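This report refers to the structure that appears directly beneath it.
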Amino acid sequence: MKKNFKNKHRMLESFGYEFLVACPNCNSKSKVISLGEHSPHSTGITKRFVCLNCGMTNDIRFNQSIISYSSKWNEGIINIGGSFDWYFGYPLYLQIPCCGQTLWAYNLEHLEYLKNYVQAELREDHPYYLSVESRLPLWMKSAKNRDAVLKAISKLEKKANEN
Numbered sequence: 014m015k016k017n018f019k020n021k022h023r024m025l026e027s028f029g030y031e032f033l034v035a036c037p038n039c040n041s042k043s044k045v046i047s048l049g050e051h052s053p054h055s056t057g058i059t060k061r062f063v064c065l066n067c068g069m070t071n072d073i074r075f076n077q078s079i080i081s082y083s084s085k086w087n088e089g090i091i092n093i094g095g096s097f098d099w100y101f102g103y104p105l106y107l108q109i110p111c112c113g114q115t116l117w118a119y120n121l122e123h124l125e126y127l128k129n130y131v132q133a134e135l136r137e138d139h140p141y142y143l144s145v146e147s148r149l150p151l152w153m154k155s156a157k158n159r160d161a162v163l164k165a166i167s168k169l170e171k172k173a174n175e176n
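Taking the working numbering, the leading residue of the sequence shown gets 14, the next gets one more, and so forth.
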């Protein structure tokens, strides 16, 4: 029986409650979390970076929510859609070269969602235009890349569960 993916119409923002990032000090797995509502549209909420390896911490608070949906980092605004956390711009810990591109995920739940989508041989048509599945690049959606993408996801799962 073929694996099926039913569109859940999840937006990228729904995975933004936690980011696994590489510490800029020691390159170890670290986290960026929200100390309140995790929506990027909420203002006045402190976002915290914590490295459990070297102890580095950093806090930031946005008093207005200026949001950019881009794969490029812009200082001083909330940046959604690239291989970095939205607030500090630290590189994601869960990223790997794949099919000549970079496969990335914010956290384990995001990675699992991508895995379920990619491994499905049957996918619903007409996803919500802002959903994760509607915004995935064609190379990730392609059946010819399925094995390579799933292999890369498996490597990221192992990396995430180390330490």
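The beta-carbon is built from N, C-alpha and C at its ideal position, and this holds for glycine as well. Here the structure is a predicted model, which means the values were calculated and not measured.
In this structure, the CA atom of Q77 is about 10 Å from the CA atom of I91. The straight-line gap separating the alpha-carbon atoms of K172 and A35 is approximately 12 Å.
Burial state of L65 is exposed, judged by a 10 Å Cβ sphere holding fewer than 16 other Cβ atoms. Cβ contact annotation for R74 (same chain, cutoff 6 Å, sequence separation greater than five): T59, in chain order.
Counting C-beta pairs closer than 8 Å gives fewer than three between the region 126 to 136 and the region 91 to 103, which falls short of the contact rule. If you draw a 10 Å sphere on the C-beta of N120, you find 16 or more other C-beta atoms in it, and that means buried. Between the alpha carbons of N40 and G57 lies a gap of roughly 29 Å. Note on geometry: alpha-carbon atoms of S81 and T70 lie some 25 Å from one another. Note on geometry: alpha-carbon atoms of K85 and G95 lie some 6 Å from one another.
Between the beta-carbon of F62 and that of H123 there is about 18 Å, and that puts the pair past the 8 Å contact cut.
Counted as a single uninterrupted DSSP element, the stretch harbouring W152 is not any beta strand (DSSP E) but the alpha helix (DSSP H) occupying residues L151 to K154.
For F97, same chain residues with a beta-carbon under 7 Å away, outside a window of 5 residues either side, are W86, Y103, P104 and L105 in chain order. For E175, the closest alpha carbon among the candidates L25, W99, S43 and P37 is that of S43. Burial is judged here by how many other beta carbons sit within 10 angstroms of a residue's own beta carbon; I79 has fewer than 16 and is exposed. Burial check for S55: the Cβ neighbour count within 10 Å stays below 16, so the residue is exposed.
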